[in-house]
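Student: My questions will all concern the structure given below.
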Amino acid sequence: MQPTHPTFTTGRTSRRLSDDDKAAVLAAVAAFTLPATLPPVLELELGIGNGAAMAARARANPQRFYLGSDVYLNGLAQAARAAQGLDNVALTNLDARDLLATLPPSSVQRVVVPHPDPWPKASHHKRRLVQPAFLSACARVLQPGGELWVVTDWPDYAFHTLAMLYHHPLLPLHQTTEAAGRCKVKPAGAGAAPLGPQALAQPPAWWVPTKYQQKAAALGREAWFIQAVRRG
6 MQPTHPTFTT GRTSRRLSDD DKAAVLAAVA AFTLPATLPP VLELELGIGN
56 GAAMAARARA NPQRFYLGSD VYLNGLAQAA RAAQGLDNVA LTNLDARDLL
106 ATLPPSSVQR VVVPHPDPWP KASHHKRRLV QPAFLSACAR VLQPGGELWV
156 VTDWPDYAFH TLAMLYHHPL LPLHQTTEAA GRCKVKPAGA GAAPLGPQAL
206 AQPPAWWVPT KYQQKAAALG REAWFIQAVR RG
C-alpha cells in the first residue's frame, strides 16, 4: 500500500528489487498478521529496520505481541526472516501514520520509534516523523499509562522531540520530569542515578540495541531514549 501522505518521512522504500522480488517480500510479510482480536499487550514499533532487535524482544517476551512496520522493503525481507517461528509478531509495510490510523483507540501498550530519519537540514525538518499530528495519533492508540519511546542518535532530533512533547497535552515527558526532581537532591556515591539530560542516555531494561544503533555508536554517536507516558 502506498502512503496517503504527501510528505515522506523516510528517504527510501526499496533498493534494487524487481517487481517479482517486491511481491515476494510482501507475501512473506503478509504471513505475519495481527490476530482478529487484538492482544491485550500490544507493542507497536514504527521503523523496524531489519527487525532483528524487535524479534529478539519478542522471543524474550512471549506474553507480549509485537507489531512492526517499515516502508523499506529490503529491511522487511530481513525482518520476516528474523521473525520466523514467532507467533507473537506481525509485520506491515504501511507508513507509520497510516498504520496508526487503522488501530482502535487505547489498543497499544507501547509505541517505539527507533532512530527515525533525522532530516538534519532545516528545510527538511517538515519531513521528520515526530510532529504534533503524529504525537496525537500515538496518544489516540495508546492505553492510559501507555508508553511512547523515541530513540535517536542525533542530538538535534532529540531536542526537536523534547520540544514537540513538551507542548503535547496527552504525552507528558516521563524521564525529564523525574530527572528534574532528582536534581533537587545531591547524588550519593558513584552508583547514584544520573541527573538531568544524562537520564536520557540510559536505555530501558527491555531495550535490545539495533544494528543501526551499533553502527552509530561505532562512529561516536550515542543514543538518546526519550519517553512520554499517556495521560489517563
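According to my numbering, the residues represented by the sequence shown are 6 to 237, in order. Where is the CB? At the ideal position from N, CA and C, for every residue including glycine. Only a predicted model underlies this, so the values are computations on that prediction, with no experimental measurement involved.
(1) Apart from the five residues just before and just after P214, which ones in its own chain have a Cβ nearer than 7 Å to its Cβ?
(2) Indicate whether T157 and H120 have their beta-carbon atoms separated by less than 8 Å.
(3) Using the three-state DSSP reduction, which class does T157 fall into: helix, strand or coil?
(4) For L99, does the three-state DSSP call read helix, strand or coil?
(5) According to DSSP, simplified to helix, strand and coil, what is M6?
(6) Just checking, does the stretch 113-128 make contact with the stretch 79-95 on the three C-beta pairs under 8 Å criterion?
(7) Can you tell me where the beta strand (DSSP E) holding Y71 begins and where it ends?
(8) In whole angstroms, give me the CA-to-CA distance for A95 and H129.
(9) Is the stretch 67-86 touching the stretch 33-41, taking contact as three or more C-beta pairs under 8 Å?
(10) Go to F230, then tell me how far its beta strand (DSSP E) extends in each direction, as first and last residue.
(11) Check whether the Cβ atoms of P177 and R132 lie closer than 8 Å to each other.
(12) Excluding the 5 residues flanking A85 on each side, which residues of the same chain have their C-beta closer than 8 Å to its C-beta?
(13) Restricting to Cα atoms, I'd like to know which of F230, Y171, V116, D161 is closest to A142.
(14) Alpha carbon to alpha carbon, how far is L51 from Y162? Give it in angstroms, no decimals.
(15) Give the DSSP-derived three-state secondary structure of V113 in the structure shown.
(16) Relative to the C-alpha of H172, which residue among P109, D26, L140, T42 is closest?
(17) The alpha helix (DSSP H) that contains L81, what's its start and end?
(18) May I have the straight-line CA-CA distance separating W212 from D24, to the nearest angstrom?
(19) Quick one: grab the DSSP three-state call for V34.
Tutor: Reading from the atomic positions:
(1) Here the question's residue 214 lines up with position 209 in the sequence shown. So the list reads A58, once near-sequence residues are dropped.
(2) As a working mapping, residue 157 is identified with position 152 in the sequence shown. As a working mapping, residue 120 is identified with position 115 in the sequence shown. Cβ atoms of T157 and H120: closer than 8 Å.
(3) Walking along the sequence shown from the start, residue 157 turns up at place 152. Three-state DSSP puts T157 in a strand.
(4) Start at 1 with the first residue of the sequence shown, and residue 99 comes out as number 94. Correct three-state label for L99: coil.
(5) If you number the sequence shown from 1, residue 6 lands on position 1. Reliability of the predicted coordinates at M6 is poor, the pLDDT of 44 falling under 50, and no value is obtained from them.
(6) no
(7) Mapped onto the sequence shown, residue 71 falls at position 66. Residues 70-74.
(8) For this step, residue 95 is matched to residue 90 along the sequence shown. For this step, residue 129 is matched to residue 124 along the sequence shown. Looking at the two C-alpha atoms, the distance is approximately 31 Å.
(9) Pairwise C-beta distances place the stretch 67-86 in contact with the stretch 33-41, as three or more of them are shorter than 8 Å.
(10) As a working mapping, residue 230 is identified with position 225 in the sequence shown. Its beta strand (DSSP E) spans residues 229-234.
(11) Position 172 of the sequence shown holds residue 177. Position 127 of the sequence shown holds residue 132. No.
(12) For this step, residue 85 is matched to residue 80 along the sequence shown. If we look at A85 and ignore the five residues flanking it on each side, its Cβ neighbours are V30, A33, V34, A36, F37, G56, L96.
(13) Here residue 142 corresponds to residue number 137 of the sequence shown, with the count starting at 1. Among F230, Y171, V116, D161, the Cα nearest to that of A142 belongs to V116.
(14) Translated into the one-based positions of the sequence shown, residue 162 becomes position 157. Translated into the one-based positions of the sequence shown, residue 51 becomes position 46. Cα to Cα, Y162 sits roughly 16 Å from L51.
(15) Indexing the sequence shown from 1 puts residue 113 at position 108. V113 falls in the strand class under three-state DSSP.
(16) Start at 1 with the first residue of the sequence shown, and residue 172 comes out as number 167. Measuring from the Cα of H172, the nearest candidate turns out to be L140.
(17) Mapped onto the sequence shown, residue 81 falls at position 76. Here the alpha helix (DSSP H) through L81 covers 78-87.
(18) As a working note, residue 212 is residue 207 in the sequence shown. As a working note, residue 24 is residue 19 in the sequence shown. Those two C-alpha atoms are separated by around 35 Å.
(19) Your numbering for residue 34 matches position 29 in the sequence shown. Helix.
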